[in-house]
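Asker: First residue of the sequence shown: 248, per the working numbering; consecutive thereafter.
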Amino acid sequence: MRVVHVQRRPRAQANFSVESTFALVRDALAPTLPVTLAVPSRESRGLADRWRIVREMRARQGDVTHVLGDITFVAAALVPARTVVTVLDCVQETLPGALRRAMIDLLWLRLPVARAARVTAISAFTADRVAAITGHPRGAIDVIPPAVSPAFTRAERAIEAHLPRVLLVGTTPNKNTARAVAALAEIPCVAVIVGVIDAPLARAIKGAGLTVEHHERLPEAGMRALYAGADLLLFPSTYEGFGLPIVEAQATGRPVVTSGLGAMPEAAGDAATFVDPLDVASIRAGVRRVLMDPGQRDALVARGLDNARRFAPGPIAARYAAIYHDVHARAGARKG
């Protein structure tokens with residue numbers, strides 16, 4: 248059985264969680280079920296390039312072809328009985344413009360889901376939204392969370408009492424960085440921001456008088472160093488299909504302050520302080536509780552380490568392997 252992972256071509260300033268988590272899956276499967284990675288020769292930008300991506304990936308199908316989010320539109324042109332689709336999120340629901348949302352729903356969600364032999368989502372929240380938008384039976388959507396690299400391990404650190412380091416990962420609109428910056432304005436700290444700082448965010452930082460350490464796209468080793476050097480992760484997103492930084496911080500032994508919306512409670516388990524991401528005062532209070540209460544902080548760290556163990560690559564890869572074998576067997580039976 249030849250399994251192919253179809254994955255987007257990374258963009259220079261984009262996040263790369265889908266690349267990292269499925270690389271872990273392929274590594275875990277390699278001894279028993281090698282998986283071929285197919286990456287388009289161009290980025291997914293514009294209709295012409297996307298049409299070329301469809302043609303290119305159609306020619307590179309395997310016995311089972313698994314389309315890994317972001318370019319799910321490819322699945323509509325593949326052999327349905329041999330296709331698996333993973334949906335990372337339904338963030339298009341938050342975008343302006345009804346026509347734009349309808350087009351994304353059709354090409355990136357409805358058609359791929361309708362044509363795939365199996366559909367997976369990285370959280371129950373995302374699976375619920377897929378079912379609600381497409382009408383696909385919720386029970387037919389497998390929820391398989393992302394794998395977290397075992398390289399994220401506990402790093403001991405005594406909290407910096409006078410100027411704690413607060414890590415913020417991501418600056419896209421859903422990451423809610425401007426409100427996070429406003430919340431930190433009254434807390435003496437260093438905000439360690441990972442992501443592109445555009446002009447509006449730069450103005451917000453200046454207005455808050457915040458001390459900032461800025462990084463853009465970092466490899467995994469660089470991210471591990473930032474988690475290890477942080478005193479807490481502040482991740483008050485307004486929307487996430489999962490929220491991988493939550494688990495990476497927990498695996499490193501860092502307390503997490505995150506949003507109570509979307510998939511974030513699902514990712515964090517009982518090991519985070521949850522805040523209202525639309526309320527600056529709520530975000531600020533959550534950060535202060537963690538920084539000022541050693542007992543709560545220690546409890547969050549202990550529970551976070553336990554929670555992070557749920558996302559070991561081996562068991563997650565095994566669930567994908569079971570799906571591949573099922574799709575291959577059913578496709579063979581139909582052919583016979």
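Here a beta-carbon is modelled for each residue, glycine too, at the ideal position from N, C-alpha and C.
#1: Check the DSSP bridge columns for Ser506 and list the partner residues they point to.
#2: Could you tell me how far apart the beta carbons of Pro392 and Phe521 are, in whole angstroms, since I believe they sit closer than 8 angstroms?
#3: Asp478 by DSSP, collapsed to three states: which one?
#4: Taking the alpha carbon of Gly476 as the point to measure from, which residue in Phe489, Glu407, Leu354 has its own alpha carbon closest?
#5: Is there a Cβ of chain C sitting closer than 9 angstroms to that of Leu552, yes or no?
#6: Looking at the unbroken alpha helix (DSSP H) that takes in Val331, where does it start and where does it end?
#7: Pull up the distance between the alpha-carbon of Ala323 and that of Ala468, whole angstroms please.
#8: Between Leu342 and the rest of its own chain, which residues show a CB-CB distance below 7 angstroms, the 5 nearest in sequence each way excluded?
#9: What is the rounded straight-line gap between the Cα of Val504 and the Cα of Val537?
#10: Alpha carbon to alpha carbon, what distance is there between Asp573 and Pro327?
#11: Can you look up Leu325 in the DSSP assignment and give me helix, strand or coil?
#12: Under a Cβ-count criterion, where at least 16 other Cβ atoms within 10 Å of its own Cβ denotes burial, should Ser506 be classed as buried or exposed?
#13: What number of angstroms, rounded off, separates the C-alpha of Thr279 from the C-alpha of Phe269?
#14: Three or more C-beta pairs closer than 8 angstroms, one from the region 377 to 385 and one from the region 446 to 453: is that the case here?
#15: Go ahead and pull the three-state DSSP assignment for Val286.
#16: Looking at the structure shown, is Ala451 part of a helix, part of a strand, or coil, going by DSSP?
#17: Name the two residues that bound the continuous beta strand (DSSP E) containing Thr458.
#18: Grab me the residues of Gly442's own chain with a C-beta within less than 6 angstroms of its C-beta, minus the 5 sequence neighbours each way, in chain order.
#19: Going by DSSP in three states, Arg362 sits in which element: helix, strand or coil?
#20: For Arg377, which option in Arg357, Gln497, Arg329, Tyr486 has the closest C-alpha, if you only look at C-alpha atoms?
Answerer: To lay it out plainly:
#1: In the sequence shown, residue 506 corresponds to position 259, counting from 1. Val522.
#2: Here the question's residue 392 lines up with position 145 in the sequence shown. Here the question's residue 521 lines up with position 274 in the sequence shown. Here Pro392 is actually not in contact with Phe521; their C-beta atoms are around 19 angstroms apart, not less than 8 angstroms.
#3: By one-based count along the sequence shown, residue 478 stands at place 231. DSSP places Asp478 in coil when its eight states are reduced to three.
#4: Residue numbering aside, residue 476 sits at position 229 when the sequence shown is read from its first letter. For the residues Phe489, Glu407, Leu354, the minimum Cα distance to Gly476 belongs to Glu407.
#5: Looking for chain C here will not work: only one protein chain is present.
#6: Taking the first residue of the sequence shown as 1, we reach residue 331 at position 84. First-last for Val331: 330 to 334, but that is the beta strand (DSSP E), not the alpha helix (DSSP H).
#7: Counted from its first residue, the sequence shown places residue 323 at position 76. Counted from its first residue, the sequence shown places residue 468 at position 221. Rounded to whole angstroms, the separation of the alpha carbons of Ala468 and Ala323 is 36 angstroms.
#8: One-based indexing of the sequence shown puts residue 342 at position 95. Cβ-Cβ distances below 7 angstroms link Leu342 to Arg348 in the same chain, with the five nearest sequence neighbours on each side left out; the list follows chain order.
#9: Position 257 of the sequence shown, counted from the start, is the residue given in the question as residue 504. Position 290 of the sequence shown, counted from the start, is the residue given in the question as residue 537. Going by the C-alpha atoms only, they are around 8 angstroms apart.
#10: Translated into positions along the sequence shown, residue 327 becomes position 80. Translated into positions along the sequence shown, residue 573 becomes position 326. Rounded to whole angstroms, Pro327 to Asp573 spans 14 angstroms at the Cα level.
#11: The residue given as residue 325 occupies position 78 in the sequence shown. Correct three-state label for Leu325: coil.
#12: Taking the first residue of the sequence shown as 1, we reach residue 506 at position 259. Buried is the call here.
#13: Against the sequence shown, residue 279 aligns to sequence position 32. Against the sequence shown, residue 269 aligns to sequence position 22. Their Cα atoms are separated by approximately 16 angstroms.
#14: Segments in contact, no.
#15: On the sequence shown, position 39 is the one that residue 286 refers to. Val286 carries a coil assignment under DSSP once its states are collapsed to helix, strand and coil.
#16: The count along the sequence shown starts at 1 and reaches residue 451 at position 204. DSSP places Ala451 in helix when its eight states are reduced to three.
#17: Taking the sequence shown and counting its residues from 1, the one referred to as residue 458 is at position 211. Thr458 -> beta strand (DSSP E) spans 458 to 462.
#18: Taking the sequence shown and counting its residues from 1, the one referred to as residue 442 is at position 195. Cβ neighbours of Gly442 beyond the five flanking positions: Gly417, Thr418.
#19: Residue numbering aside, residue 362 sits at position 115 when the sequence shown is read from its first letter. Arg362: helix per DSSP, three-state reduction.
#20: Within the sequence shown, residue 377 is the residue found at index 130, counting from 1. According to the sequence as given, residue 377 is Val; it is not Arg. When only C-alpha atoms are compared, the closest one is Arg357.
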